[in-house]
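Enquirer:
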Amino acid sequence: YWAKLVTEQLSEGMMFKELKRTVSINILDFNFVPSEFEFHNLYKITNITSGEDDNLHDMFELHYIELRKFRKQYEELSKPLDRWITFLTKAHELQHGKLPETMASDRAIVKAIQAVDRMFNEDERLVYETRMQVLADVESKIASADEKGRAQGLAQGLAQGIEQGIERGEREKTIEIAKNLLNVLDSSSISAKTGLSLEEVERLKEVRGDAAN
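Position 72 of the sequence shown, counting from 1, maps to 1486 under the numbering used here, and the rest follow consecutively.
1. Is F1430 helix, strand or coil by DSSP?
2. Identify every residue that forms a DSSP beta bridge with Y1457.
3. Within its chain, find whatever has a CB closer than 6 Å to the CB of T1588; leave out the 5 residues flanking it on each side and keep chain order.
4. What does E1466 pair with, by DSSP beta-bridge criteria?
5. Roughly how far, in whole angstroms, is the beta-carbon of S1449 from the beta-carbon of W1416, given that I think they are within contact range, below 8 Å?
6. Kindly identify the DSSP beta-bridge partner or partners of S1425.
7. Could you check where the beta strand (DSSP E) with L1442 kicks off and where it finishes?
8. Do three or more CB pairs link the region 1494 to 1505 to the region 1458 to 1471 at distances below 8 Å?
9. Exposed or buried, what is A1557 when buried is set at 16 or more other beta-carbons lying within 10 Å of its beta-carbon?
10. Should T1612 and S1601 be called a contact, given that it needs their Cβ atoms to be closer than 7 Å?
11. Please state if the CB of E1475 and the CB of F1453 are separated by a distance shorter than 7 Å.
12. Could you please give the first and the last residue of the uninterrupted alpha helix (DSSP H) stretch that includes P1494?
13. Is R1521 near M1473, with beta carbons less than 7 Å apart?
14. With DSSP collapsed to three states, give me the class of N1594.
15. Tell whether a beta-carbon distance below 7 Å holds between N1455 and Y1478.
16. Suppose the cutoff is 8 Å on Cβ atoms and the five residues either side in sequence are ignored; what does the same chain contact list for I1441 look like?
17. Near L1610, what residues of its chain come up, given a Cβ to Cβ distance below 6 Å and the 5 sequence neighbours on each side ignored?
18. Using 7 Å as the threshold, is the C-beta distance between L1540 and I1527 below it?
19. DSSP state of E1620, grouped into three classes?
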């Protein structure tokens, strides 16, 4: 991506010194730099002989921000980057008017949270939070199955079991979401939000009616 941004600047007859400084910022939901514990790592071109940045190649800059390495609590947020990563990872649990002091003091963060509040109504927030829980559950199951699979040497069976478990787990959670929305939304809206067919939603209503009787 960084290289594409650079090469797209070039046109016929253009001198290389006319190229603008290009920065690539990669926000990752996985660990990319295993040897580093810091969540933010910056890469630039340096002189291997001297080990210094001589500013001859300062147009190159790669930032890796690994969200899973971020462990700071609200009271430890001292930099704008800390607050933005907290926003990216915890936006669903932040509410305007009830923000921790370290977040409320940043106008940009407050504005972003207000925008999120406008985008999500209560029904959509329920779907979002349930979906986040599904992802966490699936990840936990994968980690647990992976440990057992390595111990038993059942790599192939593990892959198939995980895939089936994820599909079954996600469907069960989706059905649970739909059940929670039966008294809130109409069938078409529930179908659109959960991905279940209209017929499946109607069957859930019938089952609920039979149970009530």
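Beta carbons: idealized from backbone N, C-alpha and C, even for Gly. It should be emphasised that the depicted structure is a prediction, and the values quoted were computed from it without experimental measurement.
Expert: For this structure:
1. Against the sequence shown, residue 1430 aligns to sequence position 16. It is helical.
2. Your numbering for residue 1457 matches position 43 in the sequence shown. In the DSSP output, where bridge partners are listed per residue, Y1457 has L1476.
3. As a working note, residue 1588 is residue 174 in the sequence shown. Contacts found: T1608.
4. Within the sequence shown, residue 1466 is the residue found at index 52, counting from 1. DSSP lists N1461 as partners of E1466.
5. Reading the sequence shown from its first residue, position 35 is the one you call residue 1449. Reading the sequence shown from its first residue, position 2 is the one you call residue 1416. About 21 Å; that fails the 8 Å criterion.
6. Position 11 of the sequence shown holds residue 1425. Answer is none; S1425 lacks a bridge partner.
7. In the sequence shown, residue 1442 corresponds to position 28, counting from 1. Residues T1436 to L1442.
8. no
9. For the purposes of this step, residue 1557 is taken as residue 143 along the sequence shown, with counting starting at 1. The residue is exposed, with fewer than 16 neighbouring Cβ atoms inside 10 Å.
10. Reading the sequence shown from its first residue, position 198 is the one you call residue 1612. Reading the sequence shown from its first residue, position 187 is the one you call residue 1601. According to the sequence displayed, residue 1612 carries Leu and not Thr. Their beta carbons are under 7 Å apart, which means L1612 touches S1601 by this criterion.
11. Position 39 of the sequence shown, counted from the first residue, corresponds to residue 1453. Position 61 of the sequence shown, counted from the first residue, corresponds to residue 1475. Cβ distance not < 7 Å, so F1453 and E1475 don't count as in contact.
12. One-based indexing of the sequence shown puts residue 1494 at position 80. P1494 to K1504 is the span of the alpha helix (DSSP H), which, as asked, contains P1494.
13. The residue you call residue 1521 lines up with position 107 of the sequence shown. The residue you call residue 1473 lines up with position 59 of the sequence shown. Between R1521 and M1473, the C-beta gap is not smaller than 7 Å, which leaves the two residues out of contact.
14. Here residue 1594 corresponds to residue number 180 of the sequence shown, with the count starting at 1. Correct three-state label for N1594: helix.
15. Taking the sequence shown and counting its residues from 1, the one referred to as residue 1455 is at position 41. Taking the sequence shown and counting its residues from 1, the one referred to as residue 1478 is at position 64. Going by C-beta atoms, N1455 is nearer than 7 Å to Y1478.
16. Taking the sequence shown and counting its residues from 1, one reaches residue 1441 at position 27. I1479, L1481 and L1502.
17. Within the sequence shown, residue 1610 is the residue found at index 196, counting from 1. These residues qualify, in order along the chain: A1592.
18. Along the sequence shown, read from residue 1 onward, the residue named residue 1540 stands at position 126. Along the sequence shown, read from residue 1 onward, the residue named residue 1527 stands at position 113. No, the pair does not count as a contact, with Cβ atoms beyond the cut-off.
19. For the purposes of this step, residue 1620 is taken as residue 206 along the sequence shown, with counting starting at 1. E1620 falls in the helix class under three-state DSSP.
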